[in-house]
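According to my numbering, the stretch in the sequence shown is residues 328 to 656, in order. Here's the structure we're looking at; comments come further down.
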Amino acid sequence: MYQAAKDRYEKMEYKRCGRSGILLPKVSLGLWQNFGLEKTLDEQKAILFRAFDLGITHFDLANNYGHPARGLAEENFGKILKEDMGRYRDEMIISTKAGYDMWEGPYGEWGSRKYLIASLDQSLRRLGLDYVDIFYHHRPDPDTPLEETMTALADIVRQGKALYVGISNYSREQAQKAIEMLKSMNVPCLIEQPRYNMFERTPEEGLFKTLWENGVGCICYSPLAQGALTDRYLHGIPEDSRAARKGTTIGERYLTELRLQQIRHLDELAKRRGQTLAQMALAWVLRENAVTSVLIGASSPAQLEDNVACLNHLEFTAKELEEIDEILK
Ligand SMILES: NC(=O)c1ccc[n+]([C@@H]2O[C@H](COP(=O)([O-])OP(=O)(O)OC[C@H]3O[C@@H](n4cnc5c(N)ncnc54)[C@H](OP(=O)(O)O)[C@@H]3O)[C@@H](O)[C@H]2O)c1
Numbered sequence: 328m329y330q331a332a333k334d335r336y337e338k339m340e341y342k343r344c345g346r347s348g349i350l351l352p353k354v355s356l357g358l359w360q361n362f363g364l365e366k367t368l369d370e371q372k373a374i375l376f377r378a379f380d381l382g383i384t385h386f387d388l389a390n391n392y393g394h395p396a397r398g399l400a401e402e403n404f405g406k407i408l409k410e411d412m413g414r415y416r417d418e419m420i421i422s423t424k425a426g427y428d429m430w431e432g433p434y435g436e437w438g439s440r441k442y443l444i445a446s447l448d449q450s451l452r453r454l455g456l457d458y459v460d461i462f463y464h465h466r467p468d469p470d471t472p473l474e475e476t477m478t479a480l481a482d483i484v485r486q487g488k489a490l491y492v493g494i495s496n497y498s499r500e501q502a503q504k505a506i507e508m509l510k511s512m513n514v515p516c517l518i519e520q521p522r523y524n525m526f527e528r529t530p531e532e533g534l535f536k537t538l539w540e541n542g543v544g545c546i547c548y549s550p551l552a553q554g555a556l557t558d559r560y561l562h563g564i565p566e567d568s569r570a571a572r573k574g575t576t577i578g579e580r581y582l583t584e585l586r587l588q589q590i591r592h593l594d595e596l597a598k599r600r601g602q603t604l605a606q607m608a609l610a611w612v613l614r615e616n617a618v619t620s621v622l623i624g625a626s627s628p629a630q631l632e633d634n635v636a637c638l639n640h641l642e643f644t645a646k647e648l649e650e651i652d653e654i655l656k
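Take a look at the structure:
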């Protein structure tokens with residue numbers, strides 16, 4: 328039986344999520360990859376136990392996570408909760424989402440009330456939970472009126488199936504509208520989940536400011552550019568890496584010759600700072616005031632340890648930040 332480490336709250340730092348009552352760990356764990364059939368249940372447990380022992384209290388899922396079958400990550404996490412971690416449920420923030428393609432026919436994706444409510448019911452069954460802490464709309468829907476999507480989110484909170492709601496992949500303008508709409512229904516938007524890392528900086532163009540001004544939290548996904556901003560690919564593509572797996576997007580997105588050159592220069596700078604590239608990449612995302620937490624993935628307990636140790640050196644000098652901008656030009 329899993330017994331959580333007694334000192335688990337001594338290592339992690341927690342930050343308030345916008346102007347809410349919730350504190351999130353500065354490093355959170357996502358189950359998009361590694362929680363389907365890529366790893367055995369025991370390997371998944373080892374990652375989750377280590378995460379919780381390191382003070383990671385926030386676990387992020389979505390209806391479609393879990394290679395090769397959608398829903399598998401929720402199912403596996405549900406099993407692990409039932410077998411080992413369930414008694415720590417009240418120490419955890421568990422999130423899930425709906426928005427991407429999940430089941431056949433016209434009601435299995437996007438942002439209708441029909442899809443969101445049915446999808447969350449399915450997620451709760453797979454997770455074996457009565458409620459999730461955060462339910463997200465996973466991506467903006469160009470065709471469904473925003474009012475319908477936001478009213479469904481507000482009703483989900485009123486029904487007690489989620490304690491808080493959030494949005495993901497919304498632009499600055501879309502986020503502003505969603506935040507206002509939810510506010511008018513007395514259900515505040517807790518958090519936005521955008522992609523943000525050294526290679527993808529769109530949120531700097533106004534989204535961070537909007538979230539900050541509205542008191543909405545922000546958790547950044549793929550802060551390591553799916554592993555590219557680590558020492559993983561400095562000497563080729565390891566067999567057990569994400570880039571070596573079929574159907575992943577890391578290669579085309581981040582492992583071009585130009586990016587690899589930048590990665591080598593960033594690695595040198597990280598070494599001069601006395602940390603690993605992964606740690607520097609995470610500290611760099613956390614330097615933004617509006618950012619509450621970095622949402623990492625991990626394929627081993629050792630990666631978690633490396634990543635959480637970013638907290639030992641979060642500060643940057645102006646010169647270091649300039650050097651990073653110069654490398655990324
Ligand atoms: N809202 C959305 O649309 C959306 C989209 C994508 C992701 N997300 C969320 O964000 C979470 C994280 O996304 P991500 O997995 O792309 O995040 P990431 O942290 O950028 O990448 C994680 C991967 O990097 C490698 N890695 C991690 N730490 C390392 C270290 N210290 N040294 C070397 N390699 C390391 C591992 O890959 P290997 O397997 O190669 O070891 C790991 O699986 C997801 O699980 C999900 O919850 C949300």
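Note that CB positions come from ideal geometry on N, CA and C, so glycine has one too.
Under 7 Å from any heavy atom of ligand 1, does the C-beta of Asn513 make it?
No, ligand 1 has no heavy atom inside 7 Å of this Cβ.
Taking DSSP as the reference, what is the three-state secondary structure of Ile623?
The answer is strand: DSSP assigns Ile623 an E or B state.
Following the continuous alpha helix (DSSP H) through Lys406, name the residue where it begins and the one where it ends.
Unbroken alpha helix (DSSP H) run through Lys406: Leu399 to Ile407.
The segment 368-377 / the segment 413-427 touching (three or more Cβ pairs under 8 Å)
Not touching, per the Cβ criterion.
Please determine whether the Cβ atom of Asn639 lies at a distance below 7 Å from any heavy atom of ligand 1.
False, no ligand heavy atom lies under 7 Å from that Cβ.
According to DSSP, residues forming a beta bridge with Asp380:
Paired residues: none, contrary to the question.
For Tyr497, three-class secondary structure by DSSP:
Tyr497 falls in the coil class under three-state DSSP.
Among residues of its own chain, excluding the 5 on either side of Leu708, which ones have a beta-carbon nearer than 6 Å to its beta-carbon?
For residue 708 there is no data in the structure shown, the boundaries of the chain being 328 and 656.
Residue of Ser347, Asn390, Gly624 and Leu443 minimising C-alpha distance to Ala479
Comparing Cα-Cα distances from Ala479 to each of Ser347, Asn390, Gly624 and Leu443, the minimum goes to Leu443.
My parser needs the beta strand (DSSP E) runs of 3 or more residues fully inside the segment 471-538; what are they?
Annotation note: the segment 471-538 contains the following uninterrupted beta strand (DSSP E) runs of length 3 or greater, listed N- to C-terminal: 489-495 and 516-520.
Comparing alpha-carbon positions, which option in Val621, Pro628, Lys656 and Gly578 lies nearest Leu641?
Comparing Cα positions, the closest option is Val621.
Please identify the residue among Met328, Phe376 and Ile383 whose C-alpha is closest to the C-alpha of Glu340.
Checked all of Met328, Phe376 and Ile383; the closest Cα to Glu340 is Ile383.
Using the rule of at least 16 other Cβ atoms within 10 Å of the residue's Cβ for burial, across every protein chain shown, is Glu500 buried or exposed?
Glu500 comes out exposed.
What whole-angstrom Cβ distance do Pro467 and Tyr434 have, given they're in contact under 8 Å?
By a beta-carbon distance limit of 8 Å, Pro467 does not contact Tyr434. Their separation comes to about 18 Å.
Between Leu593, Asp380 and Glu527, which lies nearest to Asp334 when the distance is taken from Cα to Cα?
When Leu593, Asp380 and Glu527 are compared, the shortest CA-CA separation from Asp334 is found for Asp380.
Using three-state DSSP, classify Lys441 as helix, strand or coil.
Helix, per DSSP.
With C-beta atoms as the reference, is Met429 less than 8 Å away from Arg397?
Arg397 sits close to Met429, with the two beta carbons spaced by under 8 Å.
Can you tell me which of the three DSSP states Pro628 falls into?
Three-state DSSP puts Pro628 in a helix.
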